[in-house]
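Inspection log for the structure reproduced underneath, given as C-alpha cells.
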Amino acid sequence: MADEVRLGMSAQPHLSERRMTGWSEISSETTAEAAGNIEAVAGDAVPAREPTVWVLKCHRGGDHAQSLALANELGWPYTVKDVEFRWYELFFALANRVTLAGFNQAKSDPLTPPWPDLVIMAGRRNETPARWIRQQSGGRTKVVVIGRYWTPPELLDLVVTTPQFRLPTHHSNVLLNDFPLHLATKQRLNEAAEAWRPRIAGLKGPYVTLLVGGATGPYVFSRRTAQRLGREASAFARAMGASLLVTTSARTGRAGMKALREAIDVPCHFYQWRPRDPENPYFGFLGLADAVIATADSMSMIAEACMTERPVYLFEFGNGPAAMHGPRSRDPQIRQWWRPSQLLDQGVLGLPYAWWIGRPARRLNRSRDIRLVIDRYVTSGRARWLSQELLANPGRLREEVASWQARPLEDDKLAATAVRRMMGID
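Sequence positions in the sequence shown follow our numbering and run 1 to 426.
Here it is, written out as C-alpha cells:
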C-alpha cells in the first residue's frame with residue numbers, strides 16, 4: 001500500500017491535503033507567552049534541512065483533520081501513513097507496551113527507515129506505533145499527540161489539547177488551546193468560494209450558510225430537532241433577505257436530513273453529504289457566507305465557521321441532563337430527566353453521559369464535555385446562540401449582524417510555535 005494523503009471528514013476530497021503553507025511570524029504577545037509555556041525538550045541539534053514529518057491517519061476524520069492542520073501550519077514536508085489495527089491492540093495499550101503486536105502491517109503503510117524527525121497523530125490507537133517509531137529512531141523522533149492522550153503525558157514529547165477533555169494541564173509538555181485545529185484557511189475559503197460562485201449564480205444573495213452536524217454522545221438530532229432547525233434557519237435568512245446554503249455531514253441521519261429539507265421555506269441550495277464526494281461544497285459555502293449558522297455539536301465545524309470572520313450563530317439541541325446551553329442542572333425542568341420532553345431530546349444516554357462528565361477525567365473515563373469549548377466560543381465573542389428572541393426581532397438581528405466584530409483564531413499558530421520550540425527551532 002503506497003503512502004498517500006487523504007482528506008478527513010471536515011475536508012474537501014478534491015483539494016490536496018499536501019498543501020504546505022508558509023510559516024508567518026506571530027506578533028501577538030499573548031500567543032508568544034502561551035507558546036513559551038511549553039518547555040523545549042532536550043535533543044539533537046536541529047539539522048540544516050527541513051524536518052521530516054509523518055502524520056498517522058486517525059480513523060476519526062475530524063481528529064485526522066487536526067493532525068493535517070498542524071502539519072500544514074508547520075510548513076514542513078510530510079507524509080500521511082495509513083494505519084490499521086487488530087482487535088487485540090487494546091490489551092497492549094492497557095499494558096503500556098511499545099510494540100507493533102496489535103498493528104495490522106498487511107493493511108497499513110510501511111513503517112520503515114529513514115525515521116522521521118516528527119510524528120503527528122490523534123487517537124488512542126495511534127500512540128503505540130508512534131512511540132514504537134520513536135524507539136526505533138533511538139529517541140530522535142518526537143511525538144506530538146492531538147486531543148486526548150492515553151499514554152502518561154511524561155512519556156510523550158508534546159500534547160496539544162482542548163478543554164472538552166478536561167485533562168490536567170500542569171505538565172510542561174501539555175498545551176491547552178481554547179479551540180480545535182482546523183483546515184479552513186482564508187486562502188482555501190477564498191479559492192473554494194470562487195469555484196462555487198458561478199454554480200449558485202441563480203440563487204439571490206446575500207447568503208446564510210447552514211452547517212449541519214448530527215447526533216453525538218447524548219445529543220440526538222431527531223426529526224423534531226431537524227424541523228426546528230429548518231424553521232429557525234429560514235426565519236434567519238428571511239430577516240436578512242438572504243438565501244440559504246445548506247451542507248450536511250456524515251453524522252446527519254437520513255430522517256433528520258429529510259425533515260430539515262422539508263422544513264426550509266426560503267430559496268436554498270441543499271447539499272446532501274456523500275462519502276468521498278469531490279463536489280462537496282463545504283468550504284465553498286463557508287467562503288461565500290455573509291453569516292453562518294452551525295449546529296453546536298461539532299467543535300471543529302464551529303472553528304471553521306469562525307475563520308470566515310462573519311457572524312456565527314449556534315443552534316442548540318439535546319436539552320436534558322447535559323444540555324448544550326445553560327442553565328443546565330440549575331433549571332428545575334432540566335433536572336426532571338424522567339419527563340418525556342427530556343428523554344426525547346437526549347434519551348437514556350443523557351443520564352450516564354451527564355454523570356461521567358461530572359467525574360474527573362481518568363484513563364478509562366474518556367467522556368468529553370463539549371460545552372466547555374462552546375462556552376469559550378460564546379464568551380470570547382466569536383459566536384452567539386441562535387435564540388427565539390432574536391428571530392422574533394428581525395431589525396435587531398440585522399443590526400447585530402451588521403455590527404459584528406470578528407476575532408481571529410490563533411490556535412494553529414500556537415500549536416506550531418510549541419512544536420518548533422520543542423524541536424529547538426527558534
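C-beta: ideal position from N, C-alpha, C; glycine also.
Contact belief for residue i with residue j at Cβ below 8 Å, rounded distance in angstroms
i, j, result
"residue 82", "residue 146", "Not a contact, Cβ separation roughly 18 Å."
"residue 160", "residue 175", "5 Å"
"residue 219", "residue 139", "In fact, because the Cβ distance is near 42 Å, the residues do not count as touching under 8 Å."
"residue 212", "residue 237", "The Cβ separation is near 14 Å, so there is no contact."
"residue 294", "residue 312", "6 Å"
"residue 228", "residue 255", "At roughly 14 Å, the Cβ-Cβ gap does not stay under 8 Å, so residue 228 and residue 255 are not in contact."
"residue 297", "residue 230", "Contact flag wrong, Cβ pair sits at about 16 Å."
When the options are compared against residue i, the one with the closest alpha-carbon
i, options, result
"residue 121", "295, 65, 374", "65"
"residue 195", "293, 287, 151", "287"
"residue 206", "306, 422, 169, 242", "242"
"residue 246", "113, 397, 289", "289"
"residue 181", "323, 221, 73", "73"
"residue 101", "266, 75, 113, 84", "84"
"residue 389", "168, 235, 225, 133", "235"
"residue 78", "284, 250, 269, 51", "51"
"residue 251", "231, 232, 263, 217", "217"
"residue 364", "49, 75, 167, 55", "167"
"residue 188", "99, 257, 305", "305"
"residue 325", "373, 280, 283, 362", "373"
"residue 240", "400, 60, 70", "400"
"residue 322", "150, 367, 381", "367"
"residue 200", "285, 108, 136, 126", "285"
"residue 382", "361, 292, 86, 233", "292"
"residue 202", "269, 190, 137", "269"
DSSP three-state assignment for residue i, whether helix, strand or coil
i, result
"residue 115", "coil"
"residue 24", "Unreliable placement is indicated for residue 24, whose pLDDT of 29 sits below 50; no coordinate value is reported for it."
"residue 425", "coil"
"residue 416", "helix"
"residue 239", "helix"
"residue 81", "strand"
"residue 188", "helix"
"residue 59", "coil"
"residue 52", "coil"
"residue 64", "helix"
"residue 317", "coil"
"residue 324", "coil"
"residue 131", "helix"
"residue 293", "strand"
"residue 357", "helix"
"residue 406", "coil"
"residue 392", "coil"
"residue 411", "helix"
"residue 142", "strand"
Cβ of residue i within 9 Å of any chain B Cβ
i, result
"residue 417", "No chain B appears in the structure shown, which is made up of a single protein chain."
Closer than 8 Å: residue i CB and nearest the ligand GDP heavy atom
i, result
"residue 81", "This structure lacks the ligand GDP, and indeed carries no ligand of any kind."
### the segment 85-98 / the segment 113-120 touching (three or more Cβ pairs under 8 Å)
Fewer than three Cβ pairs drawn from the segment 85-98 and the segment 113-120 lie within less than 8 Å of each other, which leaves the two stretches out of contact.
#### Entry: Cβ pair count under 8 Å reaching 3, the segment 257-272 against the segment 401-420
A contact is defined here as three or more CB-CB pairs under 8 Å, and the segment 257-272 fails this definition with respect to the segment 401-420.
### Query
Does the segment 383-402 touch the segment 123-134, meaning 3 or more C-beta pairs lie closer than 8 Å?
The segment 123-134, when compared against the segment 383-402, does not touch it at the 8 Å Cβ threshold.
### Query
Which full runs of the alpha helix (DSSP H) of 4+ residues lie inside the segment 206-281, going along the chain?
Listed in chain order, the complete alpha helix (DSSP H) runs (minimum 4 residues) inside the segment 206-281 are 223-240, 254-263.
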